[in-house]
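For reference, each letter of the sequence shown is one residue, going -24 to -1, 1 to 319 in mature numbering (1 follows the signal peptide of the UniProt record, and there is no 0).
Glycine residues also receive a C-beta, built at the ideal position from the N, C-alpha and C atoms.
These figures come from a predicted structure and were not determined experimentally.
Report on the structure given below.
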Amino acid sequence: MPRFCAVLKFAVLLILSQDHFTAAKATSSSSSAAAAASSKQQQSFKSRPFKRSFVKSPSINKKYETAKSLAALEQEVEDFNAVWVASAKDYAESTSRRRLICMPLDDRFDPPMGSFSHEHVQTGDKMSLPRVLWDAIQVNKAEVPWLFSVSRIVGVTKERIDVSEEYASEALNEVVGGPLDFRAPPNYCFLPWWMMRALGLHPRDIVDVKLAPNIPPGSMVKFRPHSSSFTTDIANPQAVMETELRHYSSLTKGSTIAFDYNGKRYWFDVAELRAAPRGEKQPMVKVQDCDLASDFLPSRESKIQKTKGARREDSMNEDDEEEDEEEEEESDEEEEEESDDDE
């Protein structure tokens, strides 16, 4: 009996040891498989670090490409400005110019009620500029009104956008304006829509912005209203013009600007500018703190009507001439026939 118990105990221990060995072997094999899979995944990630296991949607792809192109654009502008700063002869010159990405102003830039430019974001020449251009004013000791020129860059600015003549009388390469504030992000500027249209700019086009301290004071400006209703709807258009013109620090010949009065917007082409004191014609003048005379040319509406009327008269005259020629030809033919009959 004791011998049988000993044999039974040995058999039980043997079975238990075999089960433990099998479990340990299974655990070891599973650990090895997991380690191999992890090693394979790490090698795959090292060879393709930006590969994703999921497929991106078209909207995510579009956002990614937009962000990538915008980052490249900002880096291009940043690099140019860094070269300009490094090559400038002094700090004053280094701050006086920047290459910037332009964006349109909207109502979010409207100053609070009580501010001078409140509700005149689109009916003025004010721009939101980066802080460095405020430093340019201080360092260069620029006099009021502070003016900056905005210009297209040959070979850099995109192809000019096609703008209706209703919003831009001429395709300009440079306009001048004043600052609304200096809160724009570095390498950005925000322009009123009429400036964007005058320069034929797309949002995120690159432009040159320079401090313009040498703009001459204006002595006379001639406006061409788009509609004759400006002079018929308003009792004293000259006084209204002088009041609304206070929201412009400067004017650029060939631009199309707007005034609001009694809830209605009126558009004007800047047809002619003359500078003080000699009255010579200029492409740009400052109008703030100037003794400026203004005059109105016949409206574009009436000019178009006159042109159409003249064309109509010309066509009628041509028709009359053709009829006269036909009558002369018919009379000549009749005379020839009569002479033939006589013979």
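- Per the Cβ contact rule, the stretch 124 to 136 is not in contact with the stretch 210 to 218 (fewer than 3 Cβ pairs under 8 Å).
- In this model, residue 39 and residue 46 are separated by some 10 Å (Cα to Cα).
- Taking C-alpha positions only, residue 69 is separated from residue 186 by approximately 10 Å.
- DSSP places residue 232 within a strand segment (E or B) once states are collapsed to three.
- Contact between the stretch 114 to 133 and the stretch 194 to 204 is absent: fewer than 3 CB-CB pairs across the two stretches fall below 8 Å.
- Within the stretch 112 to 149, the beta strand (DSSP E) runs of at least 3 residues that lie entirely inside it are, in chain order, 124 to 127.
- Residue environment for residue 77: buried (at least 16 other C-beta atoms within 10 angstroms of its C-beta).
- The stretch 263 to 281 and the stretch 205 to 214 touch, with no fewer than 3 CB-CB distances between them shorter than 8 Å.
- The Cβ atoms of residue 228 and residue 151 sit closer than 9 Å to each other.
- According to the DSSP secondary-structure assignment, residue 248 is paired through a beta bridge with 198.
- Membership of residue 102 in the beta strand (DSSP E) is indicated by the continuous run 102 to 106.
- If you check the CB distance, residue 189 and residue 123 come in under 9 Å.
- Minimum Cα-Cα distance from residue 230 among the listed residues 257, 93, 236 and 163 corresponds to 257.
- Residues of the same chain with a CB within less than 6 Å of the CB of residue 126, apart from the 5 flanking positions on each side, are 151, 183 and 185 in chain order.
- The stretch 48 to 60 makes no contact with the stretch 91 to 103, as fewer than three CB pairs between them are under 8 Å.
- The three-state reading of DSSP puts residue 172 in helix, counting H, G and I together.
- For residue 75, the CB contacts under 7 Å within the same chain, skipping 5 residues up- and downstream, are 53, 56, 57, 182 and 184 in chain order.
- In terms of CA proximity to residue 271, 213 leads the group 242, 213, 100 and 255.
- Taking 3 residues as the minimum length, the beta strand (DSSP E) runs contained wholly in the stretch 64 to 99 are 73 to 80, in order along the chain.
- Excluding five sequence positions before and after residue 172, the CB atoms of its chain that fall closer than 6 Å to its own CB belong to 80, given in chain order.
- Taking every protein chain shown into account, the CB of residue 37 has fewer than 16 other CB atoms within 10 angstroms, so this residue is exposed.
- With fewer than 16 other CB atoms across the displayed protein chains lying within 10 angstroms of its CB, residue 255 is exposed.
- Nearest to residue 193 by alpha-carbon distance, out of 121, 180, 168 and 176, is 121.
- In chain order, 227, 246, 248, 249, 250, 261, 263, 268, 269, 270 and 271 place their CB closer than 8 Å to the CB of residue 197, counting only its own chain and leaving out the 5 sequence neighbours on each side.
- DSSP links residue 154 through a beta bridge to 102.
- Judged by beta-carbon spacing, residue 85 lies beyond the 9 Å limit of residue 158, meaning their Cβ atoms are not closer than that value.
- Residue range 269 to 272 is occupied by the beta strand (DSSP E) that includes residue 269.
- Rounded to the nearest angstrom, the gap between the Cα atoms of residue 168 and residue 175 is 11 Å.
- Assigned with DSSP and collapsed to three states, residue 159 falls in strand.
- By alpha-carbon distance to residue 163, the top candidate from 225, 224, 223 and 104 is 104.
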